[in-house]
Amino acid sequence: MSLPELQFLWFTAFVVLAIGYVLLDGFDLGVGILHLFSKKDEERRLMLNSIGPVWDGNEVWLVTAGGALFAGFPPIYATLLSSFYTPIMMLLCGIIFRAVAIEVRSKSPKIWWRWLWDILFALASAVIAFILGVLMGNLISGIPLDEAGEYSGFFLDLVHPYAILVGVMAVALFMMHGSIYLMMKTEGEFHEKMRHFVNPSIIFFIILYALTTMSTLIYHTHMLESIRDNWIFFVIAVINILAIANIPREISLGRDGRAFLSSCGNIICLMALYAIGTYPVVIRDSSPPFLNSLTIYNASSSMLTLKILLIIALIGVPLVLSYTIAVY
Amino acid sequence: MDVEVLARVQFAVTIMFHYIYPPLSIGLGLIMVIMEGMWLKTKDDQYHRMAKFWTKIFALTFAIGVATGIVMEFEFGTNWSSYSKYVGDVFGSALAAEGIFAFFLESGFLALLLFGWNRIGPKLHFFSTVMVSLGSHFSAVWIIIANSFMQTPAGYHIVEYNGHPRAEITDFWQLVFSPSSMDRLVHALFGTWLAGSFLVISISAYYLLKNRHMEFAKRSMKIGLVIASMTVIFQGISGDSSGKTVAKHQPMKLAALEGVFHTQKEAPLYVFGVVNKEEEKIDYGIAIPSLLSFLAYSDFDATVKGLNAFPKADWPKVQVLFTVYRMMILMWCLMFFVCFTACILWWKGTLFKTRWLLWIMVFSVLFPQIANQTGWISAEMGRYPWIVYDLLRISDGLSKVVTANQVLSSLIMFGTVYSFLFIVFIYLLTKKIMHGPVDDDTDSPFHSIEQVAKELKK
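Protein chains in written order, with the numbering used here: chain F, 36 to 363; chain G, -10 to 447.
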């Protein structure tokens, strides 16, 4: 295999891991935000129980996606994390607080104690979702880079309306995904209560989805080039819309599993559209003359490393898949 | 303060805090496998209770290990982005292998291990325990291979990429079996087994002293003690071998660890002493003549390179290294003493009634922890001034765009969050210990759905 093929392959692997992370941690972050809207302790416990066994397994996907980026594209990994220093630190803080909050909330029955941890848990979940969105927003809009591929702006340059918009959209997306997951995982009276969460979160998401799409179309037209060049990619956008539209339909028909699949389809399409739009650039240079963007072709590991990674993945992925399928 | 110092302090704080937990979960993982294996073999319910209880403790250490581990992975990029660019190509393979072979293995079976006691068959559950334990061991394997590249780089060449030099891999197996990797891996793994087994010994000793869960405590103690005693002896051998590797490949580190200022033949080994850096000698030292030469090179006459062979500006902090290295060895001696005495008393049949020893055992949980921490400080501070030995200086590994204020504020953030996390950990651990190996599950952080449903009906 040639170097560009390997680079493309490993970029695809990274995108798949990133999608895996958003699909999985997306619903437990969403449940984390939503559970605060329920005022009763029993209901909150049921909601937390639904993510209890899986949330830390889901975070492994973040670790692995980060590892894949470090391994395959060290310059991108280095620039991404050092440019977004402060948001990343807040993200890490959120991750730790979530782990603590879910562990200790039920250790004391006092009402203030539970409220305290529930608020922290919801806040940490929202912060993680928001920052992931802000990162995404900045990757789409681009950040100022110098010739060495280092960030040449300030912290506040990362906070602009588009990034905030994508941040809020991520929160909405995860809330919707989480509410559908709750529908799928609950039964009886409680199940009906969860229904109240679904419609508002779908509407919330659709509003932000529309706003984000409009802003992207108006202000960040470079995201559209690949789609304009190859009409087949437009089909993904169509599937995306259909997947979103299918969610309320399946919910009202009582087919929660299918609604969850549609929600997953929505996330996969969104992420795929992002990846197709940004390709081959990963970190876009926003300062004229726009020459210093980091692409998968100018910021990767060596051919030998990419080959070794491929071999490791070829041995590892079938193993992981086979035992995951065997287990569940 | 300057960014370099702050970034180093931050890495030290976060890695040392992280390193409390993985050794416990790796060590406990091994013990869980043994206990559950005994249960499958003997069908004795006591072993079942033991495996379940220690799994609960494991779950706690594992959760904090994951949360603090994510921080480590991202910190390479946030604080040390130049270093990440430099070594990324070499580290890549090791990290990818860790992700696929370790993390996915652990997370795939973790839910079965923690929540599957009543839902899956005992054999499948045992298999999950083995897989989780194996996964955590693999994790140690790959991370130590990556770390060993920083100590004794191998299997690479330096290439110009986008106008900057970086290390690129030439031979994967040379990287895996670098001159120090296997010695250091074995040493670290023994350290984790000691951490796990002494935790078991400590908690069991506490129960014995308080007359609670006697049968449970006696059996746990026996298993913990057997593992600890064997490991402590192997650890001595592994330490000797690791020391010889350091002597061969990182002579400046050896000189700093042993306080050798001047190159000398028949170098003595200081059992104790206070480093006097100004006059370049050891004050109040108790020395065994020629022993250092023998330990490092198996020859009483051998020449040991002193710090004077290296530019003074590059010297590591001799006072700190000399002291922490001796603390590590002191901790080994204490562990050896506990194991040795306990085994004799066990043989005599009075172990469970010897209260003074049981009290020492209660506190013995700290010995491997201190040894692990001081051991890592010796290894990593001894690398100074190199972030990758002889290739890249620490000052050249920093993130270029990150300011001192950013690092300082995140350092304060981690300091606060981690102190708090530590309090929570101790609180939860104490609570689990006080609750004891009782069968009901009310102590679990996530009440089982069935149980909550029952409560709701009331």
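Don't be surprised by glycine CBs; every beta carbon is placed ideally from N, CA and C.
> Can you give the Cα-Cα distance for residue 93 of chain F and residue 254 of chain G, rounded to whole angstroms?
Replying inline: Stepping through the first sequence from its first residue, residue 93 of chain F is reached at position 58. Stepping through the second sequence from its first residue, residue 254 of chain G is reached at position 265. Taking the straight line joining both Cα atoms gives about 57 Å.
> In chain G, what lies closer than 7 Å to residue 186 of chain F by C-beta?
Replying inline: Mapped onto the first sequence, residue 186 of chain F falls at position 151. Here the neighbours are 390.
>> Counting only beta-carbon separations shorter than 8 Å, does residue 63 of chain G have a partner in chain F?
In response: Against the second sequence, residue 63 of chain G aligns to sequence position 74. Yes - at least one Cβ of chain F is within 8 Å of the one on residue 63 of chain G.
>> Using CA atoms only, rank isn't needed, just tell me which of G:73, G:89 and G:11 is closest to residue 344 of chain F.
In response: Taking the first sequence and counting its residues from 1, the one referred to as residue 344 of chain F is at position 309. The shortest C-alpha separation from residue 344 of chain F is found at G:89.
> For residue 79 of chain F, which residues of its own chain have a beta-carbon under 7 Å away from its beta-carbon, when the five flanking residues on both sides are left out?
Replying inline: The residue you call residue 79 of chain F lines up with position 44 of the first sequence. Answer for residue 79 of chain F: 70, 73 and 153, listed in chain order.
>> I need the boundaries of the alpha helix (DSSP H) containing residue 153 of chain G, first residue and last residue.
In response: On the second sequence, residue 153 of chain G is found 164 positions in, with the first residue counted as 1. Counting along the chain, residue 153 of chain G falls outside any alpha helix (DSSP H), though it belongs to the beta strand (DSSP E) covering 153 to 158.
>> Could you tell me the alpha carbon to alpha carbon distance between residue 126 of chain F and residue 37 of chain G, rounded to whole angstroms?
In response: Working through the first sequence from its first residue, we reach residue 126 of chain F at position 91. Working through the second sequence from its first residue, we reach residue 37 of chain G at position 48. Near 39 Å, if we compare the C-alpha coordinates of residue 37 of chain G and residue 126 of chain F.
>> So that I know if they touch, is there some Cβ in chain F lying closer than 8 Å to that of residue 35 of chain G?
In response: In the second sequence, the residue the question calls residue 35 of chain G occupies position 46. So, not an interface residue.
> For residue 5 of chain G, which residues from the same chain have a beta carbon less than 7 Å from its beta carbon, with the 5 sequence-adjacent residues on both sides left out?
Replying inline: Position 16 of the second sequence, counting from 1, holds the residue named residue 5 of chain G. Taken in chain order, the residues that qualify are 362.
> Quick one: what does DSSP say residue 276 of chain G is sitting in, helix, strand or coil?
Replying inline: Your numbering for residue 276 of chain G matches position 287 in the second sequence. Strand at residue 276 of chain G.
>> Run through the DSSP bridge pairs and tell me what residue 173 of chain F is partnered with.
In response: Sequence index remark: in the first sequence, residue 173 of chain F carries index 138 (1-based). Per DSSP, none; premise fails for residue 173 of chain F.
>> What ranges does the alpha helix (DSSP H) occupy inside the stretch 37 to 101 of chain G, keeping only unbroken runs of at least 4 residues that lie completely in it?
In response: 70 to 86
> Within 10 angstroms of its Cβ, does residue 82 of chain F collect 16 or more other Cβ (buried), or is it exposed?
Replying inline: Counting from 1 along the first sequence, the entry for residue 82 of chain F is found at position 47. With 16 or more Cβ atoms within 10 Å of its Cβ, residue 82 of chain F is classed as buried.
> When Cβ atoms are compared, which residues of the stretch 290 to 305 of chain F fall closer than 9 Å to chain G?
Replying inline: none
> Is DSSP giving residue 108 of chain F helix, strand or coil here?
Replying inline: In the first sequence, residue 108 of chain F corresponds to position 73, counting from 1. Reduced to three states, the DSSP call for residue 108 of chain F is coil.
> Closer than 8 Å, CB to CB, is residue 208 of chain F near chain G or not?
Replying inline: Residue mapping note: residue 208 of chain F aligns to position 173 of the first sequence, counting from 1. No, residue 208 of chain F lies away from the interface with chain G (no Cβ there is under 8 Å from its Cβ).
> Would residue 361 of chain F be called buried (16 or more neighbouring beta carbons within 10 Å of its own) or exposed?
Replying inline: One-based indexing of the first sequence puts residue 361 of chain F at position 326. The residue is exposed, with fewer than 16 neighbouring Cβ atoms inside 10 Å.
>> Suppose you measure from the CA of residue 54 of chain G to the CA of residue 11 of chain G; what does that come to, to the nearest Å?
In response: Residue 54 of chain G sits at position 65 when you count from the first residue of the second sequence. Residue 11 of chain G sits at position 22 when you count from the first residue of the second sequence. Approximately 6 Å, taken between the alpha carbons.
>> I'd like to know whether the C-beta of residue 103 of chain F is nearer than 8 Å to at least one C-beta of chain G.
In response: Taking the first residue of the first sequence as 1, we reach residue 103 of chain F at position 68. Cβ-Cβ to chain G under 8 Å: yes for residue 103 of chain F.
> When the Cα of residue 118 of chain G is compared with those of G:45, G:8 and G:193, which residue comes out closest?
Replying inline: The count along the second sequence starts at 1 and reaches residue 118 of chain G at position 129. Ranking the options by Cα distance to residue 118 of chain G, first place goes to G:45.
> What's the C-alpha gap between residue 234 of chain F and residue 219 of chain F?
Replying inline: In the first sequence, counting from the first residue as 1, residue 234 of chain F sits at position 199. In the first sequence, counting from the first residue as 1, residue 219 of chain F sits at position 184. Whole-angstrom Cα-Cα distance: 15 Å.
>> Taking only three categories from DSSP, how would you classify residue 33 of chain G?
In response: Residue 33 of chain G sits at position 44 when you count from the first residue of the second sequence. Note: residue 33 of chain G maps to coil in three-state DSSP.
>> Can you tell me whether residue 253 of chain G is helix, strand or coil according to DSSP?
In response: Taking the second sequence and counting its residues from 1, the one referred to as residue 253 of chain G is at position 264. Note: residue 253 of chain G maps to strand in three-state DSSP.
> Comparing the C-beta of residue 151 of chain G with each C-beta of chain F, is any distance below 8 Å?
Replying inline: Walking along the second sequence from the start, residue 151 of chain G turns up at place 162. So, interface residue.
> Using a C-beta cutoff of 8 Å, does residue 55 of chain F count as contacting chain G?
Replying inline: Position 20 of the first sequence, counted from the start, is the residue given in the question as residue 55 of chain F. Not an interface residue.
> Could one say the Cβ of residue 256 of chain F lies closer than 8 Å to chain G's Cβ atoms, at least one of them?
Replying inline: Translated into positions along the first sequence, residue 256 of chain F becomes position 221. No, because no Cβ of chain G sits closer than 8 Å to the Cβ of residue 256 of chain F.
> Can you list, in chain order, the residues of the stretch 102 to 127 of chain F whose Cβ is nearer than 9 Å to any Cβ on chain G?
Replying inline: 102, 103, 104, 105, 106, 107, 108, 109, 110, 112, 113, 114, 115, 116, 117, 118, 119, 120, 121, 123, 124, 125, 126 and 127
>> Less than 8 Å between the beta carbons of residue 188 of chain G and residue 17 of chain G, yes or no?
In response: Stepping through the second sequence from its first residue, residue 188 of chain G is reached at position 199. Stepping through the second sequence from its first residue, residue 17 of chain G is reached at position 28. In contact: residue 188 of chain G and residue 17 of chain G (Cβ atoms closer than 8 Å).
> Of the choices F:305, F:310 and F:173, whose alpha-carbon is the least far from that of residue 254 of chain F?
Replying inline: To locate residue 254 of chain F, count along the first sequence from 1; it is residue 219. Selected option, being the one with the closest Cα: F:173.
>> Measuring straight from C-alpha to C-alpha, what distance separates residue 139 of chain F and residue 384 of chain G?
In response: Taking the first sequence and counting its residues from 1, the one referred to as residue 139 of chain F is at position 104. Taking the second sequence and counting its residues from 1, the one referred to as residue 384 of chain G is at position 395. Each residue's alpha carbon lies about 40 Å from the other.
> Identify the residues that DSSP records as bridge partners of residue 292 of chain G: which are they?
Replying inline: By one-based count along the second sequence, residue 292 of chain G stands at place 303. According to DSSP, residue 292 of chain G bridges with G:254.
> Rounded to the nearest angstrom, how far is the Cβ of residue 108 of chain F from that of residue 334 of chain F, given a contact under 8 Å?
Replying inline: Position 73 of the first sequence, counted from the first residue, corresponds to residue 108 of chain F. Position 299 of the first sequence, counted from the first residue, corresponds to residue 334 of chain F. Between residue 334 of chain F and residue 108 of chain F the Cβ distance is about 5 Å, and since that is below 8 Å, they are a contact.
> In whole angstroms, what separates the C-alpha of residue 207 of chain G from that of residue 341 of chain G?
Replying inline: Locating residue 207 of chain G in the second sequence gives position 218, counting from the first residue. Locating residue 341 of chain G in the second sequence gives position 352, counting from the first residue. Using only the alpha carbons, I get a separation of about 7 Å.
> How would you write the range of the beta strand (DSSP E) that residue 490 of chain G sits in, first residue to last?
Replying inline: This structure cannot settle anything about residue 490 of chain G, because the visible part of chain G is limited to -10 through 447.
> Taking any Cβ of chain F, which residues in the stretch 393 to 408 of chain G have a Cβ under 7 Å from it, in chain order?
Replying inline: 395, 399, 402 and 406
> Is there a Cβ from chain G that is less than 8 Å from the Cβ of residue 166 of chain F?
Replying inline: By 1-based counting over the first sequence, the position of residue 166 of chain F is 131. Taking Cβ atoms only, chain G never reaches closer than 8 Å to residue 166 of chain F, which makes this a no.
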